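Below you'll find the structure, written out as structure tokens, and then a few comments.
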Amino acid sequence: MDWGQRNFKSRLVVAGGKMVNIFLSNIRIQDLFGKVVDFKGPMNGGKSKGVYNELKRANYSGFGFLAVNSALNSRDGANISIDGGREGSIRALSAMRAGEIREHFIAARDLVARSRGRTVDYQGLTLRTDLPLKVVAMDEKNLFCLDELAAAETLEFLQWAKSEGLYTVTSGLEFDFRQEAFAHVRASYRATSFNINVDPVCQALVEEQVCGSAAIHSQRIWSRAHLQRLGLGEFIKEDFGHANKAHEKLFSGHVAAPYFDKTVYLEDEANGSVGYIPVCDSCSELPFKEKTHDLYAQFRGGLDEAAVAVIRAKGALENGIVDFLLNQDEGWVRNDGGLFVPVSYHKNRIGTFSRV
Ligand SMILES: [Zn+2]
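In structure tokens, the structure reads:
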């Protein structure tokens, strides 16, 4: 990256939030060919809106696009939606891996090039044949980076799109609800030309008013019913007051989800009992983060079944944390022939960490 680009990039980032799009719209679409623009920020913060605006702008500039969402995102289905479709929606394909996006793009581009009518159908998407297919969008990029191989495939796809001279627009989370790197998504950033931080308004209530600071975290909240179902009602008493998408203040009914909650909930699995709100650093809450790390530290030298049973017997909270630490999907503690020890990691080829 030369200095001109570097200065330009910092201007984009400093502007923050929605202002950034004004800067981005000053760059012609054709000047973004061979570039990757990534919108990143907390959940429900307007990342998809950034993608949506760029795709609309591509059409107005005389170019066609192909939009792809993760097949794991059952909330929006095969769409890139703003506020669940209330403020706009663009039809998209669903894919599990980035390699599929590349195959779809090549097939759709060929179809557009050889079709005679004004529009052509590609797997349910209506593509204009008079607009050359030059833009590709990948929503929920973090869900295409859940393991090392998937992230390597995503990186490869982005590099391919650049070499093909496409304008690639991506969006996704950089961090999970624990404010830790979301799986292997960071490996994809080396292919990004411009990172655009979308910082929405913190929706937590402070002294009965919306906080209003720039939000940088995804606060996970549980409904009280979910808290009771998990038997943790006595441990998290304080409500997490916040404003919902309709800007209504909710003073009760939800709590901050504990640090030891599972990392990934799929939308239908969450079923209204788990939600996210954008919050600033001072409003964010991660109950039992210290306690989880204290219990984890006890596994460093290895614990046998009997020692684990002693911890579990202390109560529902300890039992819940041990369940989390021992969950194979989470990667904290493994059973090594009857001895419970920390999972070991090695540095991998894409610059993240994989289990040994
Ligand atoms: Zn705040």
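Start counting the sequence shown at 440; every next residue gets the next number (our numbering). Backbone N, C-alpha and C define an ideal beta-carbon position, used for all residues, glycine too. On a predicted model such as this, the values are computed, not experimentally measured, just so you know.
In this structure, does DSSP put V476 in helix, strand or coil?
strand
Using only alpha-carbon positions, find the residue among K488, N636 and E493 that is nearest to N465.
E493
Checking the sheet assignment: what are the DSSP bridge partners for P717?
S657
For H623, report the span of its beta strand (DSSP E) as first-last.
Neither: H623 is in no beta strand (DSSP E) and is coded neither H nor E.
Between the CA atoms of A709 and I519 - distance to the nearest angstrom
20 angstroms
Return the Cβ separation of A552 and A531 in integer angstroms, given the expectation that the two are a contact with Cβ distance under 8 angstroms.
With a Cβ gap of about 21 angstroms, A552 and A531 do not count as contacting.
For S500, verify whether its CB is less than 6 angstroms away from any heavy atom of ligand 1.
no
In whole angstroms, give me the CA-to-CA distance for R450 and P697.
With a pLDDT of only 41 at R450, under 50, the local geometry of the prediction cannot be trusted, and no value is derived from it.
Whole angstroms is fine: what's the gap from H656's alpha carbon to C650's?
14 angstroms
Short Cβ contact (7 angstroms threshold) for Q658 with V703
no
Beta-carbon contacts of N774 that lie in its chain and below 8 angstroms, excluding the five residues immediately before and after
L765
Can you have a look at Y499 and say buried or exposed, based on whether 16 or more other CB atoms are within 10 angstroms of its CB?
exposed
Look at the alpha carbon of Q642 and the alpha carbon of H681, and state the distance between them as a whole number of angstroms.
5 angstroms
Inter-stretch contact (C-beta, 8 angstroms, three-pair minimum) for the segment 657 to 672 and the segment 622 to 638
no
Roughly how far, in whole angstroms, is the beta-carbon of R536 from the beta-carbon of A589, given that I think they are within contact range, below 8 angstroms?
6 angstroms
Measuring from the CB of S652, is there a heavy atom of ligand 1 at a distance below 6 angstroms?
yes
Taking 6 angstroms as the cut-off, does the CB of A643 come closer than this to any heavy atom belonging to ligand 1?
yes
How many Å lie between I750 and W771 at the Cα?
16 angstroms
Coarse secondary structure for R617, derived from DSSP in three states:
coil
Does DSSP put T609 in a helix, a strand or coil?
strand
Is it true that the segment 613 to 624 meets the segment 560 to 567, where meeting means three or more beta-carbon pairs spaced less than 8 angstroms apart?
no
Going by C-alpha distance, which of W661, G692, I789 and T593 is nearest S509?
T593
Where DSSP assigns a beta bridge to S793, which residues make up the other side?
H785
Within the segment 662 to 750, note down every full alpha helix (DSSP H) run reaching 4 residues or more, in order along the chain.
663 to 668, 706 to 709 and 728 to 736
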